[in-house]
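Per our numbering, the sequence shown starts with residue 13, numbered consecutively. We put the CB at the ideal spot given by N, CA and C, even for glycine. The structure appears below as C-alpha cells.
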Amino acid sequence: MGVQISPSILAADFADLAGAVERIADTADWVHVDVMDNHFVPNLTLGLPVVARLVEVSRLPLDVHLMIEDPDRWAPGYAEAGARNVTFHVEAARAPVRCARDLRAAGARAGMALRPGTPVEPYSDLLPEVDMLLLMTVEPGFGGQEFLELVLPKIRRARELLRAREGEVWLQVDGGVSGETIERCAEAGADVFVAGSAVYGAEDPGAAVRALREQAERAASR
Ligand code: DX5
Ligand code: ZN
13 MGVQISPSIL
23 AADFADLAGA
33 VERIADTADW
43 VHVDVMDNHF
53 VPNLTLGLPV
63 VARLVEVSRL
73 PLDVHLMIED
83 PDRWAPGYAE
93 AGARNVTFHV
103 EAARAPVRCA
113 RDLRAAGARA
123 GMALRPGTPV
133 EPYSDLLPEV
143 DMLLLMTVEP
153 GFGGQEFLEL
163 VLPKIRRARE
173 LLRAREGEVW
183 LQVDGGVSGE
193 TIERCAEAGA
203 DVFVAGSAVY
213 GAEDPGAAVR
223 ALREQAERAA
233 SR
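The structure is reproduced here in C-alpha cells:
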C-alpha cells in the first residue's frame, strides 16, 4: 500500500465539513474523523449522524477514530453507516477481539488504537484480528498538540511485531504529525499518517497533503 495520508477534519471549519473534505479529496487517501464523547477524553466533537452524512458527501473513504467509552456498543454502528475504517481504543474496549470482529462483520476495516502510555506488547496476539494499529503520538482529545517523541521506540517495536503481517496490518500515527515530525514517524515504520493542523492550518490543504506524502515516501525509502 505504501504511504497513506489521512487528514483530520478536527482542525477544519466545523461549519463547513463538506468543503473541508472536498479540499483534500484529490490528494489524500482518507478523511480522518475524530469522534469524542467527553468521557474517554475531555472533549466532545461529533457522532453518528454527522459521520453518516459525511459518508454521503465524501469522495474519500472515512477513517473514523473513536475516542469514546464503550466502543463495544457503539463502534459497529459507524461501520454500518458506511465508514470504511473504524478504530477503537483498546483502553476503552471491554472485549477488543469481539469489537474488531463485529467491525469486520459490518464491512469495515478494524483499527485498534493505543494511547502514548499503553505498551504494544500485551496486544501483540490481537494483531491478526485488526487491519490497522493506531499509535497515538499525543494524548488523545485535542488537535494542535506537540508530538511526543517518546512514542518513536514503540513505533519501531510495533513495526517489528508486524513484520510477519507486512502489508496486511497498517501502522497509523496520529497527533502532532507535520513536516517537522513525519519523516521520523516514517523512518520508525509508520505507513498511515493522520495530520490535522498541518493540513487545515495550511493555506492550501490539498498541497499540504501532497508535501507530507512526498516527505514520508522519501523517509520510508531511506
Ligand atoms: C487528537 C486527534 C487527532 C487530531 C490531530 O486526539 O485524534 O486526530 O486531530 O491533530 P494534529 O494533527 O493537529 O495534532
Ligand atoms: Zn484522531
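- DSSP places valine 62 inside the alpha helix (DSSP H), whose first and last residues are 60-69.
- Cβ-Cβ distances below 6 Å link aspartate 75 to Ser18, Trp42, His44, Asn97 in the same chain, with the five nearest sequence neighbours on each side left out; the list follows chain order.
- Taking the Cα of phenylalanine 52 as reference, the smallest distance to any Cα among Gly59, Val33, Arg35, Ala104 is reached at Ala104.
- Of the other Cβ atoms in all chains shown, 16 or more fall within 10 Å of the Cβ of alanine 228; this residue is therefore buried.
- Beta-bridge analysis with DSSP links aspartate 137 to no other residue.
- Take glycine 123, set aside five residues on each side of it, and the residues of its chain with a beta-carbon closer than 6 Å to its own are Asn97, Thr99, Met144, Leu146, in chain order.
- Of Ala170, Ser70, Gly213, Val47, the smallest CA-CA separation from glutamate 81 is found for Val47.
- Nearest to serine 233 by C-alpha distance, out of Val204, Val206, Glu195, Glu215, is Glu195.
- In the three-state scheme derived from DSSP, where H, G and I count as helix and E and B as strand, leucine 78 is classed as strand.
- For valine 204, the uninterrupted beta strand (DSSP E) run begins and ends at 204-207, by DSSP.
- Relative to the non-hydrogen atoms of ligand 1, the Cβ of aspartate 46 comes within a distance shorter than 6 Å of at least one.
- Remark: the C-beta of alanine 232 is outside contact range of ligand 1, defined as less than 6 Å to any heavy atom.
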